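There are 2 protein chains.
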Amino acid sequence: MEKCGWSIQRDLKVELSCKTEYAVLALLELAAHYREAEPLQIRQIAAQQNIPDRYLEQLLATLRRGGLVKSQRGAKGGYLLAREPWEITLLEVVSCLEGSDSKPSTHDTNLKTVESAVIEEIWQEVHKTAYKVWQGYTLQDLCDKRDARRQLDIMYYI
Amino acid sequence: MEKCGWSIQRDLKVELSCKTEYAVLALLELAAHYREAEPLQIRQIAAQQNIPDRYLEQLLATLRRGGLVKSQRGAKGGYLLAREPWEITLLEVVSCLEGSDSKPSTHDTNLKTVESAVIEEIWQEVHKTAYKVWQGYTLQDLCDKRDARRQLDIMYYI
DNA sequence: GTAAACACCTGCGAGTAACCGGGGTATACT
DNA sequence: AGTATACCCCGGTTACTCGCAGGTGTTTAC
Numbered sequence: 001m002e003k004c005g006w007s008i009q010r011d012l013k014v015e016l017s018c019k020t021e022y023a024v025l026a027l028l029e030l031a032a033h034y035r036e037a038e039p040l041q042i043r044q045i046a047a048q049q050n051i052p053d054r055y056l057e058q059l060l061a062t063l064r065r066g067g068l069v070k071s072q073r074g075a076k077g078g079y080l081l082a083r084e085p086w087e088i089t090l091l092e093v094v095s096c097l098e099g100s101d102s103k104p105s106t107h108d109t110n111l112k113t114v115e116s117a118v119i120e121e122i123w124q125e126v127h128k129t130a131y132k133v134w135q136g137y138t139l140q141d142l143c144d145k146r147d148a149r150r151q152l153d154i155m156y157y158i
Numbered sequence: 001m002e003k004c005g006w007s008i009q010r011d012l013k014v015e016l017s018c019k020t021e022y023a024v025l026a027l028l029e030l031a032a033h034y035r036e037a038e039p040l041q042i043r044q045i046a047a048q049q050n051i052p053d054r055y056l057e058q059l060l061a062t063l064r065r066g067g068l069v070k071s072q073r074g075a076k077g078g079y080l081l082a083r084e085p086w087e088i089t090l091l092e093v094v095s096c097l098e099g100s101d102s103k104p105s106t107h108d109t110n111l112k113t114v115e116s117a118v119i120e121e122i123w124q125e126v127h128k129t130a131y132k133v134w135q136g137y138t139l140q141d142l143c144d145k146r147d148a149r150r151q152l153d154i155m156y157y158i
């Protein structure tokens, strides 16, 4: 019961879960086909990136509600990026995925001990630096990185 | 089955869980009483920082196995810092708590897709920046921060 | 040498979240 | 109409966090 007492906005993880990776991979796939105006189907993305399609469906729904992708229903439907690939940062993706339904609940700061406040402050600093890194990469940057790495692989193969 | 397919060392979280906070609070308490050579009992720490004592017992065991605290059994026993407060960094604490038993299992890098490698690279960068922040704070620094904040609270009260 | 105080170990149970699949409904193309 | 697709609800497994209970081993105090 009550678990930890306070439920501040301390729950922003920085781990690379399958959830996050799947979402980024899907967005990367959408970004790669951004020039054609045709939407990509879930199964195409899933097959291309080796993601379980039923799970990807949920993730794309979350991304849609977060305003990162657009959907088109019916036959020949699918998903499209809501904005240009260079206008979507990784920070938006990560924030969208774990936003969930956490209510900060307007916590009374006087209840916290001094020690807790100090710890909280440092963790905020860590999150801040993580945000900066994520903010610094757009989907376009990721695509460029992928292309560069592909070139390297080819040269290594020869 | 198999969950994610690969089990690289991607599992270092940056969230502030109760687990981590409890451990840091306990270490802070030990650091505060570091000058007296007498060990602190679990219940004393638990009562002082409002931590469930049975749970704190497990955390202190982990910290002991990680070499961060020393224990003294029997009556008049308890826990002591294994090193000076200015020689223990937050990075050591965090690493100790979730080190668990994850074997990197020498993963074959050729199985990863190019996209996954790109994502992995960025997450490594995030972890690196987080490490640097944690590495920059010792238990002594935390104590100093606490004292400074206490002074502020007093002045604010007047 | 007996009792008390303490660390130490194992295990359990509720809660939560990530991770997947089933099955049905709504919508658009042909 | 029929088909293909997104959309939605609802389980189910696994794993982890948090916390409690019971028992054992070790040291000090009387």
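Residue numbers (this note's numbering), protein chains in the order written: chain G, 1 to 158; chain B, 1 to 158. The C-beta atom is built at its ideal place from N, Cα and C for all residues, glycine as well. All of these numbers come straight from a predicted model, not from anything done at the bench.
(1) Under the DSSP definition of a beta bridge, which residues are partnered with THR138(B)?
(2) Consult DSSP for GLN41(B) and reduce its assignment to one of helix, strand or coil.
(3) Going by C-alpha to C-alpha distance, which of TYR34(B), ILE154(B), LEU25(B), LEU59(B) sits closest to GLU98(B)?
(4) State the beta-bridge partners of SER71(B) as determined by DSSP.
(5) Quick one: what's got a C-beta closer than 8 Å to THR138(B)'s C-beta in the same chain, skipping five residues either side?
(6) Grab the span of the alpha helix (DSSP H) containing LYS19(B) for me, first residue to last.
(7) If you follow the alpha helix (DSSP H) that THR113(B) is in, where does it begin and where does it stop?
(8) LEU40(G): which of GLY74(G), ASP144(G), LYS112(G), GLU115(G) sits nearest, CA to CA?
(9) Could you tell me whether the stretch 118–127 of chain B touches the stretch 49–67 of chain B, where touching means 3 or more Cβ pairs closer than 8 Å?
(10) Quick one: what's got a C-beta closer than 8 Å to ARG43(G)'s C-beta in the same chain, skipping five residues either side?
(11) ARG146(B) CB to nearest chain G CB: under 8 Å?
(12) For LEU152(B), count neighbouring C-beta atoms within 10 Å of its own C-beta (all shown protein chains included) and say buried if the count is 16 or more, exposed if not.
(13) Note down, in chain order, every chain B residue with its Cβ under 7 Å from the Cβ of ALA47(G).
(14) Is there a Cβ of chain B sitting closer than 8 Å to that of ILE51(G), yes or no?
(15) How would you list, in chain order, the residues of chain B whose beta-carbon sits under 9 Å from the beta-carbon of THR89(G)?
(16) Three or more beta-carbon pairs under 8 Å between the stretch 122–130 of chain B and the stretch 127–141 of chain G, yes or no?
(17) Return the chain-ordered list of same chain residues with a C-beta closer than 7 Å to the C-beta of GLY78(B), the five sequence neighbours on each side being excluded.
(18) In angstroms with no decimal places, state the Cα-to-Cα distance between ASP172(G) and LEU28(G).
(19) Ordered along the chain, which non-local residues of its own chain (more than five positions away) have a Cβ less than 8 Å from that of HIS33(G)?
(20) Which word fits ILE51(G), buried or exposed, when buried means at least 16 other C-beta atoms lie within 10 angstroms of its C-beta?
(21) Against ALA117(G), what residues of chain B qualify as contacts under a CB-to-CB distance less than 8 Å, listed in chain order?
(22) Under 7 Å Cβ to Cβ from VAL94(B), same chain only, skipping five residues before and after it: list those, please.
(23) Quick check on VAL126(B): does DSSP put it in helix, strand or coil?
(24) Taking LEU56(B) as the query, report the chain G residues whose CB atoms sit under 9 Å from its CB, ordered along the chain.
(25) Note the first and the last residue of the continuous alpha helix (DSSP H) segment covering GLU84(G).
(26) If you reduce the DSSP assignment to three classes, tell me which class GLU36(G) lands in.
(27) Label ILE45(B) either buried or exposed according to how many other C-beta atoms from any shown protein chain fall within 10 Å of its C-beta, with 16 as the threshold for buried.
(28) Within 8 Å (strictly less), CB to CB, does GLN9(G) reach chain B?
(29) Whole angstroms are fine: how far does the CA of TYR157(G) sit from the CA of ALA26(B)?
(30) Can you tell me whether ALA31(B) is buried or exposed, with buried defined as 16 or more other CB within 10 angstroms of its CB?
(31) Taking only beta-carbon atoms, is TYR157(B) less than 8 Å away from chain G?
Here's the rundown:
(1) THR89(B)
(2) DSSP, read as helix, strand or coil, puts GLN41(B) in coil.
(3) Sorting TYR34(B), ILE154(B), LEU25(B), LEU59(B) by C-alpha distance to the C-alpha of GLU98(B) places LEU59(B) at the top.
(4) TYR79(B)
(5) PRO85, TRP86, GLU87, ILE88, THR89, LEU90
(6) It spans 18–32 - the alpha helix (DSSP H) in which LYS19(B) sits, taken as one unbroken run.
(7) Looking at the DSSP string, THR113(B) is not in any alpha helix (DSSP H), and its letter there is neither H nor E.
(8) GLY74(G)
(9) no
(10) ASP53
(11) yes
(12) exposed
(13) What ALA47(G) touches in chain B: nothing, since even the nearest Cβ is about 13 Å away.
(14) no
(15) Going along chain B, no residue has its Cβ under 9 Å from THR89(G), so there is no contact; the nearest lies around 12 Å.
(16) yes
(17) Hits under 7 Å: PRO39, LEU40, GLN41, GLN72.
(18) Beyond the ends of chain G as shown, which are 1 and 158, falls residue 172(G); an answer cannot be given.
(19) Cβ-Cβ distances below 8 Å link HIS33(G) to LEU40 in the same chain, with the five nearest sequence neighbours on each side left out; the list follows chain order.
(20) buried
(21) Against chain B, the beta carbon of ALA117(G) has neighbours under 8 Å at ARG149, listed in chain order.
(22) THR20, TRP134
(23) helix
(24) Here the premise fails: no neighbours, minimum Cβ distance about 14 Å.
(25) Element bounds for GLU84(G): n/a, residue is neither H nor E.
(26) coil
(27) buried
(28) For GLN9(G), the pLDDT reaches just 46, beneath the cut-off of 50, and the residue's location in the model is therefore unreliable, leaving the point undetermined.
(29) 54 Å
(30) buried
(31) No, because no Cβ of chain G sits closer than 8 Å to the Cβ of TYR157(B).
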